[in-house]
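K.L.:
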Amino acid sequence: MDWVRGEKLGFGSFASVNLAVPKRQSSQMYPLMAVKSCGASGATSLMNEKLVLDELKDCPEIIGCFGESFSYENGEKLYNVLLEYAPGGNLADKLKNSCDQRLPESEVRCYTKALLKGLHYIHKIGYVHCDIKLQNILLCLDGGVKIADFGLAKRAGGKEEGFSRYELRGTPLYMSPEMVAGGEQGPPADIWSLGCAVAEMVTGTPAWRCSDLAALLIRIGIGEEVPEVPGNLSGEGKDFLEKCFVKDPSKRWTADMLLNHPFVADQDFGDTENITSTSPRCPFDFPDWASSVTSFSSPEYSPESNFWLSGNSNLPSESWSISPDERLQGLVSHQDPDWAVSDDWIPVR
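First residue of the sequence shown? That's 1 in full-length UniProt numbering, and the numbers climb one at a time after it.
#1: From residue 45 to residue 16, what distance separates their C-alpha atoms?
#2: For residue 174 and residue 147, which I take to be in contact (beta-carbon distance under 8 Å), what is that distance rounded to the nearest angstrom?
#3: Measure the Cβ-Cβ separation of residue 135 and residue 181 and say whether it is below 8 Å.
#4: Tell whether a beta-carbon distance below 8 Å holds between residue 61 and residue 124.
#5: Determine, using beta carbons only, whether residue 102 and residue 264 come nearer to each other than 8 Å.
#6: For the beta strand (DSSP E) that residue 23 lies in, which residues bound it at each end?
#7: Would you call residue 78 buried or exposed, if buried means 16 or more other Cβ atoms sit within 10 Å of its Cβ?
#8: Looking at the unbroken alpha helix (DSSP H) that takes in residue 97, where does it start and where does it end?
#9: Assuming residue 145 is part of the alpha helix (DSSP H), what are its boundary residues?
#10: Evaluate contact between the segment 218-230 and the segment 186-202, counting only Cβ atoms and requiring at least three cross-stretch pairs below 8 Å.
#11: How many angstroms separate the CA atom of residue 210 from the CA atom of residue 200?
#12: Buried or exposed for residue 19, please, with buried defined as at least 16 other CB atoms from any protein chain shown within 10 angstroms of its CB.
#13: Does the distance from the C-beta atom of residue 236 to that of residue 206 stay below 8 Å?
#14: Which residue from 37, 2, 23 puts its Cα closest to that of residue 8?
#15: Please classify residue 136: does DSSP put it in a helix, a strand, or coil?
#16: Residues bridged to residue 68 by DSSP?
#17: According to DSSP, is residue 36 part of a helix, a strand, or is it coil?
#18: On a Cα-Cα basis, can you pick out the residue from 84, 59, 76 that is closest to residue 68?
#19: Quick check on the DSSP output: the alpha helix (DSSP H) that includes residue 192 runs from which residue to which?
#20: Taking the C-alpha atoms as reference points, what is the distance between residue 244 and residue 176?
#21: Determine the burial state of residue 252: buried for a count of at least 16 other Cβ atoms within 10 Å of its Cβ, exposed for fewer.
#22: For residue 232 and residue 14, I'd like the C-alpha separation in whole angstroms.
#23: Could you please give the first and the last residue of the uninterrupted alpha helix (DSSP H) stretch that includes residue 52?
#24: Tell me the DSSP bridge mates of residue 10?
#25: So what does residue 62 bridge to, in DSSP terms?
#26: When you compare only the Cα positions, how much space is there between residue 172 and residue 89?
#27: Report the CB separation of residue 267 from residue 140 in whole angstroms; it is logged as a contact under 8 Å.
#28: Residues bridged to residue 155 by DSSP?
Following this line, the structure appears as structure tokens:
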């Protein structure tokens, strides 16, 4: 497909995102797309994302992928992935720009229902997203949501080669206890992250209120503490989050089970009038847009603005025999991240 690169929407450590306009308009193609690009020599993560999206293409709650291409621009060979353009930005921006920096429960229920549909499909196909957070949930013209950024996605039950025991995969504020304590990341980890996202939509603040990374990891990975369930939620909402915030991943509810929970069971975007579109008035009049590009191809690099921590361990990736307190000591003793930075994407207008 021939396309023209448009205005830059955002950029991160490994890739940049621009608007893309097809040279030939078609009824089967969106008039605007987003193109995620990076240098061809470091495109492992982006290529992985494209392969995952191809397998998940039949789910309407997942951002669409239209193909890939290579281009030569300013003397550099680039790898490009053409994606569905979501003009409404992401849920993190919507929350930040709302009048009281929190969302009505009626909206939260609808967003949660859509996210569960997407997660159910992801898990059914055999993948784990590994980085569910508000920044990776994009808004469409009709108010619906799409799960995006599959740079960290992996096969359920699989371990990436070279992944050490002293690394965190994802974003700490959304990270599950089993990931922090033992490096395990299966479908239940996405459900824990979903619970953190729901709590944040309701309160306007992260599920964990902790400014120190070491203290946060200890709270998540050791003991029985779970995020506080917002007091302003309905009884159904509180029960829903309690099903997400179960320390033991084997006892945590699955996406399939949660789809039948009364908090979301009867919710549908078509029945909710409070969710309004943020449609631009012209093709290039769009709100601030942010996303994130992550990579697990190089375990020594920090794709989440220093949130990934590496240890100098030569143990094989399948070795998880250390105790949670030993693992946490290794996690928090090697780097001192800037906790104020929660995302390495810079919104561009």
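Just so you know, even glycine gets a beta-carbon here, dropped at the ideal spot from N, CA and C.
P.N.:
So, from the data block:
#1: 13 Å
#2: That pair is no contact at about 13 Å.
#3: no
#4: no
#5: no
#6: Per DSSP, residue 23 belongs to no beta strand (DSSP E) and is neither H nor E.
#7: buried
#8: 91-97
#9: Looking at the DSSP string, residue 145 is not in any alpha helix (DSSP H); the run it does join, the beta strand (DSSP E), is 145-147.
#10: yes
#11: 14 Å
#12: buried
#13: no
#14: 37
#15: helix
#16: 81
#17: strand
#18: 84
#19: 187-203
#20: 10 Å
#21: buried
#22: 40 Å
#23: 44-55
#24: 17
#25: 147
#26: 23 Å
#27: In fact, because the Cβ distance is near 16 Å, the residues do not count as touching under 8 Å.
#28: 127
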